[in-house]
Amino acid sequence: MKNLLQFLTRYSNFLIFLILEVVAFILITTTNHYQQSATWSAANRFVASIHQTTTSISDYFALRQENERLAQENAALKSQLMLVDNMAEYAIERDSQYIYSHLDWDYIPAKVIGITTHKQHNYLTINKGRRDSIEVDMGVVCQEGVVGIVSAVGERYALVVPLIHTEMNVSCRIQTNNYIGRTHWLGRNHQELQLEDISRHIVVNEGDTIVTSGLTPVFPYGILVGTVSHTDLTDHDNYHHITLQIATDYRKISYVQVIHNRALHNIDNTENNTQWSGLKK
Amino acid sequence: MEWIKEIGRLLLLVALQVLLFDHLHIAIWGFPMVYILFLLNLSPRLSKWAELLIGCSVGLLMDVWYSSLGIHMAACVAIAFIRPMLLDNMLQDIERIKDRVMGRTIGTAEYAKCVVLLTVIHHFIVFALEAWSWSQWWIVLLQTLISSTMTIIILLGYDRLKQ
Numbered sequence: 009m010k011n012l013l014q015f016l017t018r019y020s021n022f023l024i025f026l027i028l029e030v031v032a033f034i035l036i037t038t039t040n041h042y043q044q045s046a047t048w049s050a051a052n053r054f055v056a057s058i059h060q061t062t063t064s065i066s067d068y069f070a071l072r073q074e075n076e077r078l079a080q081e082n083a084a085l086k087s088q089l090m091l092v093d094n095m096a097e098y099a100i101e102r103d104s105q106y107i108y109s110h111l112d113w114d115y116i117p118a119k120v121i122g123i124t125t126h127k128q129h130n131y132l133t134i135n136k137g138r139r140d141s142i143e144v145d146m147g148v149v150c151q152e153g154v155v156g157i158v159s160a161v162g163e164r165y166a167l168v169v170p171l172i173h174t175e176m177n178v179s180c181r182i183q184t185n186n187y188i189g190r191t192h193w194l195g196r197n198h199q200e201l202q203l204e205d206i207s208r209h210i211v212v213n214e215g216d217t218i219v220t221s222g223l224t225p226v227f228p229y230g231i232l233v234g235t236v237s238h239t240d241l242t243d244h245d246n247y248h249h250i251t252l253q254i255a256t257d258y259r260k261i262s263y264v265q266v267i268h269n270r271a272l273h274n275i276d277n278t279e280n281n282t283q284w285s286g287l288k289k
Numbered sequence: 003m004e005w006i007k008e009i010g011r012l013l014l015l016v017a018l019q020v021l022l023f024d025h026l027h028i029a030i031w032g033f034p035m036v037y038i039l040f041l042l043n044l045s046p047r048l049s050k051w052a053e054l055l056i057g058c059s060v061g062l063l064m065d066v067w068y069s070s071l072g073i074h075m076a077a078c079v080a081i082a083f084i085r086p087m088l089l090d091n092m093l094q095d096i097e098r099i100k101d102r103v104m105g106r107t108i109g110t111a112e113y114a115k116c117v118v119l120l121t122v123i124h125h126f127i128v129f130a131l132e133a134w135s136w137s138q139w140w141i142v143l144l145q146t147l148i149s150s151t152m153t154i155i156i157l158l159g160y161d162r163l164k165q
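Those protein sequence lines, which keep their order, are chains A and B.
According to this note's numbering, the first sequence is numbered sequentially starting from 9.
According to this note's numbering, the second sequence is numbered sequentially starting from 3.
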């Protein structure tokens with residue numbers, strides 16, 4: 009016992025060091041990158057409010073560009089509006105091919121108050137949270153295309169995993185031939201993404217449009233992910249090596265929409281109700 | 003009073019890091035982490051366990067900001083553990099130094115050695131843990147090299163100004 013105590017006092021600093029490092033490693037390995045804790049991330053109210061202050065300062069310098077972008081967006085929306093009447097019938101017919109149609113989605117506008125683009129695990133912070141009915145696993149899009157998926161929700165803020173996160177995959181398809189693949193980020197260039205799982209017999213051309221597949225409940229079908237900028241296929245490859253140019257420019261992003269799948273809630277509720285009645289019996 | 007001053011210093015450094023140096027990055031390659039100056043400058047009179055706990059808290063503070071729970075904590079605890087041993091090794095008359103560890107108090111050459119070594123260790127741990135695999139080792143090494151160079155230039159430049 010005496011020896012043990014002696015040992016502990018002699019190496020106490022080393023033991024503290026070891027314990028702290030082990031705690032750090034446990035934190036790293038147990039923090040799931042998709043479902044982060046809101047308290048211990050930038051979805052934390054205090055951290056997010058600092059993010060918000062800094063963005064509101066830098067926003068002043070981007071006002072002119074932002075105005076121009078909004079004017080363009082306005083024009084594009086007006087022209088779309090004129091088309092909608094004629095298209096409505098056709099759209100319903102076309103969307104019903106897919107499980108999750110456009111009509112079941114709510115769009116919640118939000119402002120990006122913090123973003124990193126230089127890490128392997130990048131994150132965005134947005135200024136909407138639980139009280140604006142944001143939930144984990146909701147999709148996030150902007151005018152240009154897909155942005156990412158919500159990973160942690162605080163009371164007023166939420167954390168979003170963007171496409172440029174090395175552990176992020178989004179199911180998508182080549183618009184011309186409907187073949188399905190998934191995105192993967194290599195961690196280097198914030199404008200480039202890899203498209204995986206496209207077999208060698210499929211014809212892929214540079215400039216092809218890649219859109220969300222509509223097979224997951226997170227994104228509806230047809231939201232732009234990017235365009236093919238480079239393809240590579242050697243003789244012994246089974247899959248294409250496809251590089252995409254990401255539609256969204258993460259360096260300039262400022263306003264996004266969080267999309268909420270109403271159909272998913274209906275499905276969930278139905279399932280829960282059935283289970284409940286089963287239990288009562 | 004001393005305590006309040008140190009906490010104020012920490013807050014100032016963290017504010018500088020998040021408001022200024024976070025925006026100075028070069029793509030994914032160069033990312034100066036200047037906040038470690040707080041840990042590098044701690045007085046050698048501080049007991050080792052206290053230094054470890056301070057390292058742990060500073061790391062956690064940065065982790066919450068970067069949403070990377072554990073990564074900066076591991077790196078900061080590591081340099082808080084190595085620093086006293088390094089100082090003991092380099093300086094014979096360590097008891098003489100009552101103030102912060104800076105170029106003025108321990109000698110410019112020694113301070114520079116200390117800054118270079120600890121910065122490289124800290125940055126390497128951060129980038130290696132962030133990548134979490136050795137398959138892209140050259141990215142980790144390049145990130146460490148470029149970011150450490152940026153941090154070291156800033157830290158030594160600041161030390162030069164203070165002299």
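Here a beta-carbon is modelled for each residue, glycine too, at the ideal position from N, C-alpha and C.
Predicted model only: the values in this text are computed from it and were never measured.
Within-7 Å CB hit, residue i to chain B
{"i": "A/V55", "result": "yes"}
{"i": "A/S49", "result": "yes"}
{"i": "A/L28", "result": "yes"}
{"i": "A/A290", "result": "The requested residue 290 of chain A does not occur in the structure, where chain A is confined to residues 9 to 289."}
{"i": "A/H249", "result": "no"}
{"i": "A/T39", "result": "yes"}
{"i": "A/L35", "result": "yes"}
{"i": "A/N177", "result": "no"}
{"i": "A/N213", "result": "no"}
{"i": "A/I24", "result": "yes"}
{"i": "A/Y131", "result": "yes"}
{"i": "A/G286", "result": "Note that A/G286 has pLDDT 39, beneath the 50 cutoff, so the model's placement of it is unreliable and the number below is only indicative. For A/G286, the answer is no, since every Cβ of chain B falls outside 7 Å of its Cβ."}
Proximity test, Cβ basis, 7 Å: residue i and chain A
{"i": "B/M104", "result": "no"}
{"i": "B/F126", "result": "no"}
{"i": "B/L54", "result": "yes"}
{"i": "B/G10", "result": "no"}
{"i": "B/F33", "result": "yes"}
{"i": "B/L143", "result": "no"}
{"i": "B/I30", "result": "yes"}
{"i": "B/L41", "result": "no"}
{"i": "B/W5", "result": "no"}
{"i": "B/E132", "result": "yes"}
{"i": "B/F23", "result": "no"}
{"i": "B/V16", "result": "no"}
{"i": "B/M152", "result": "no"}
{"i": "B/V36", "result": "no"}
{"i": "B/L71", "result": "yes"}
Bounding residues of the alpha helix (DSSP H) (the contiguous stretch that carries residue i)
{"i": "B/V66", "result": "K50 to Y68"}
{"i": "B/P86", "result": "I73 to M92"}
{"i": "A/L132", "result": "Segment L132 to I134 is the beta strand (DSSP E) holding A/L132; no alpha helix (DSSP H) there."}
Within 7 Å, strictly: CB atoms of residue i and residue j
{"i": "A/L171", "j": "A/G189", "result": "no"}
{"i": "B/L15", "j": "B/L39", "result": "yes"}
{"i": "A/N233", "j": "A/E214", "result": "Just to set this straight, residue 233 of chain A is Val in the shown sequence, not Asn. Contact flag unset, no."}
{"i": "A/L175", "j": "B/A76", "result": "In the sequence on display, residue 175 of chain A carries Glu and not Leu. Cβ distance not < 7 Å, so A/E175 and B/A76 don't count as in contact."}
{"i": "A/T239", "j": "A/V219", "result": "no"}
{"i": "A/T256", "j": "A/C180", "result": "no"}
{"i": "A/G153", "j": "A/V226", "result": "no"}
{"i": "A/T133", "j": "A/A50", "result": "yes"}
{"i": "A/G230", "j": "A/Q128", "result": "no"}
{"i": "A/V168", "j": "A/V158", "result": "yes"}
{"i": "A/Y263", "j": "A/K119", "result": "yes"}
{"i": "B/G109", "j": "A/I36", "result": "no"}
{"i": "A/V55", "j": "B/V128", "result": "no"}
{"i": "A/I142", "j": "A/H59", "result": "no"}
{"i": "A/Q265", "j": "A/Y115", "result": "yes"}
{"i": "B/V122", "j": "B/S150", "result": "yes"}
{"i": "B/L88", "j": "B/P46", "result": "no"}
{"i": "A/N187", "j": "A/I210", "result": "For the sequence presented, residue 187 of chain A should be read as Tyr rather than Asn. Against a cut-off of 7 Å, the Cβ pair of A/I210 and A/Y187 comes out as a contact."}
Residue(s) in a DSSP beta bridge with residue i
{"i": "A/D114", "result": "A/H268"}
{"i": "A/S179", "result": "A/R190"}
{"i": "A/T217", "result": "A/T235"}
{"i": "B/K100", "result": "DSSP output for B/K100 lists no bridge partner at all."}
{"i": "A/L13", "result": "According to DSSP, which records beta bridges pairwise, A/L13 is partnered with nothing at all."}
{"i": "A/V169", "result": "A/I157"}
{"i": "A/D240", "result": "A/H249"}
First and last residue of the uninterrupted beta strand (DSSP E) at residue i
{"i": "A/H249", "result": "H249 to I254"}
{"i": "A/A160", "result": "V154 to V161"}
{"i": "B/A111", "result": "First-last for B/A111: T110 to A133, but that is the alpha helix (DSSP H), not the beta strand (DSSP E)."}
{"i": "A/G147", "result": "G147 to V149"}
Residue-chain proximity (residue i, chain D), Cβ-Cβ < 7 Å
{"i": "A/N21", "result": "Looking for chain D here will not work: the only protein chains present are A and B."}
Mind the definition here: the segment 137–147 of chain A touches the segment 160–174 of chain A only if three or more C-beta pairs lie below 8 Å; say whether that holds. yes
Cβ pair count under 8 Å reaching 3, the segment 80–93 of chain B against the segment 44–62 of chain B: yes
Is the segment 25–35 of chain B in contact with the segment 201–210 of chain A, if contact means three or more CB pairs nearer than 8 Å? no
Given 8 Å as the limit, is there contact between the segment 31–41 of chain A and the segment 61–73 of chain B, that is, 3 or more CB pairs closer than that? yes
Inter-stretch contact (C-beta, 8 Å, three-pair minimum) for the segment 135–146 of chain B and the segment 101–119 of chain B: no
Stretch pair the segment 73–84 of chain A + the segment 98–112 of chain B: three plus CB contacts closer than 8 Å: no
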